[in-house]
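Undergrad: Following this message is one structure expressed as structure tokens.
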Amino acid sequence: MQKLNPIPFPLPLTLGTDIVHLPRITRLVTRPGGFLTRFTRRILHEQEQRDFRARFGLFPVSPPTVSSAGDKNDKNGSATPPQFPVSGDMTRWLAGRFAAKEAARKAAPGGAASLSWKDVLVRAGEEKGGVRGRRRWCFWGGGG
């Protein structure tokens, strides 16, 4: 895998809020058919996916299944992602990442269309004295 170097954001980021409706994210990630896995694969950078799985100790509730060629949901016979239990903390964490990425994409010089979800890596700031630090954004070039 090619190592990507982060591109520093050219302007100071001091303002900006994106709001996410938690019930919407909850409905999305709790849909049957592995939508939690689909959502995280589409939205999260590889490092964020590892952080997410480690943070919530994800172990499949059901293993991946291969559907038959006649299945109306999957005509290619590919594997359905495994199912995971979804908690409120998990939904809030994902909603926070989604909102931060959306704000970063909108603030990018070329606008949201210039960056994919995975081009933005949200990192937690250092914790000092029990207080969580500011979130940090890193942009990865390449539209990947």
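All residue numbers for the sequence shown refer to the working numbering, where the first residue is 55 and numbers rise by one.
For glycine and all other residues, C-beta sits at the position ideal for the given N, C-alpha and C.
Could you compute how far the alpha carbon of TRP147 sits from the alpha carbon of ASP173?
TA: 18 Å
Undergrad: Return the residue from the list ARG78, ALA158, GLU102 that minimises the CA-CA distance to SER168.
TA: ALA158
Undergrad: Report the option in PHE152, ARG107, GLY88 whose CA atom is closest to the CA atom of GLU78.
TA: Before going on, a small fix: residue 78 reads as Arg here, not Glu. When each option's Cα is compared against that of ARG78, the closest is PHE152.
Undergrad: Beta-carbon separation of LEU175 and HIS99 under 7 Å?
TA: yes
Undergrad: Determine whether the beta carbon atoms of THR80 and THR145 lie at a separation below 7 Å.
TA: Contact: yes.
Undergrad: Using a Cβ-Cβ cutoff of less than 7 Å, which residues in the same chain neighbour TRP171 once the five nearest sequence positions on both sides are dropped?
TA: ARG96, ILE97, LYS155
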